[in-house]
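So the sequence shown is numbered by the numbering used here: it starts at 1 and just counts up by one. Report on one structure; see the data block that follows.
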Amino acid sequence: MRCPFCHSDNDKVLDSRSAQAGYRVRRKRVCQECGRRFVTMEHIEALNVRVVKGDETREPFDREKIRRGIERACSKRSVASETIEATVQQIEAAIYAEFDFEIPAQKIGEVVLRFLADVDEVAYIRFASVYREFSGATDFLRMITGLQQVAGDDQVEVPPVADDPEDEPPVKEKFKRHSRAQRNGS
């Protein structure tokens with residue numbers, strides 16, 4: 001390893017420790033030339049798994065896209081950054097365990113949802129709403145109802161969802177804006 005100070009490649013490892021649940025190794029080193037100390041992090045470099053997108057194009061798997069998506073879903077929630085990192089690592093490990101060379105983008109979303117369900121329900125619903133392209137309140141209600149059935153949670157009352165969108169009351173009429181005069185009864 002090259003010294004970041006004098007650029008010599010003559011160094012000695014003083015200490016090695018496992019980091020981030022064993023996915024990385026943290027090494028303290030000392031340069032034999034200038035005597036300065038520095039730390040390096042080693043991680044497993046994964047095989048070149050490629051993501052097959054909906055239009056059949058392929059791109060390299062990027063764990064940072066998963067991290068950004070989870071961070072967006074967990075925004076303004078009490079989810080620690082360590083929990084997010086651990087979840088990303090679990091997702092990445094699951095992807096590499098299940099797929100060798102190519103993975104459909106659809107499967108990545110399913111794997112993320114599988115792990116995100118245990119982290120935070122709201123983050124799960126937020127991620128699912130983007131991933132599954134929710135088109136309205138009905139999709140959210142179906143998702144919440146499904147979560148309640150899985151969890152056996154009867155505390156929250158969710159109105160039944162009509163199978164036919166035409167049977168539902170128009171949302172816009174319920175939330176129609178009124179002028180001040182109309183609200184004050186004038």
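Beta carbons are placed, not taken as given, at the ideal position from N, Cα and C, and that holds for glycine.
Going along the chain, which residues of its own chain have a beta-carbon closer than 8 Å to the beta-carbon of residue i, five neighbours each way excluded?
i, result
"residue 124", "73, 113, 116, 117 and 147"
"residue 134", "128, 140 and 143"
"residue 36", "3, 5, 6 and 30"
"residue 71", "84"
If I'm right that residue i touches residue j with Cβ under 8 Å, what's the distance once you round it to whole angstroms?
i, j, result
"residue 105", "residue 54", "6 Å"
"residue 50", "residue 5", "About 38 Å; that fails the 8 Å criterion."
"residue 83", "residue 119", "6 Å"
"residue 32", "residue 11", "6 Å"
"residue 85", "residue 149", "Going by Cβ atoms, the distance from residue 85 to residue 149 rounds to 31 Å, so no, they are not a contact pair."
"residue 130", "residue 77", "Rounded, the Cβ-Cβ distance is 15 Å, inconsistent with contact."
Quick check on DSSP: helix, strand or coil for residue i?
i, result
"residue 107", "helix"
"residue 94", "helix"
"residue 40", "strand"
"residue 56", "coil"
"residue 128", "helix"
"residue 16", "strand"
"residue 68", "helix"
"residue 122", "helix"
"residue 114", "helix"
"residue 142", "helix"
"residue 49", "coil"
"residue 154", "At residue 154, the pLDDT of 48 sits below 50, so the modelled position is not reliable and the matter cannot be decided from this model."
"residue 79", "coil"
Near residue i, what residues of its chain come up, given a Cβ to Cβ distance below 6 Å and the 5 sequence neighbours on each side ignored?
i, result
"residue 27", "13, 16 and 40"
"residue 9", "2"
"residue 59", "51"
Please list, in chain order, all residues of the same chain as residue i whose beta carbon is under 7 Å from its beta carbon, the five residues on each side excluded.
i, result
"residue 18", "25"
"residue 23", "43, 44 and 89"
"residue 91", "66, 111, 112 and 115"
"residue 94", "111"
Can you pull the DSSP bridge partners for residue i?
i, result
"residue 74", "For residue 74, which the question treats as bridged, DSSP gives no partner whatsoever."
"residue 28", "15 and 39"
"residue 102", "50"
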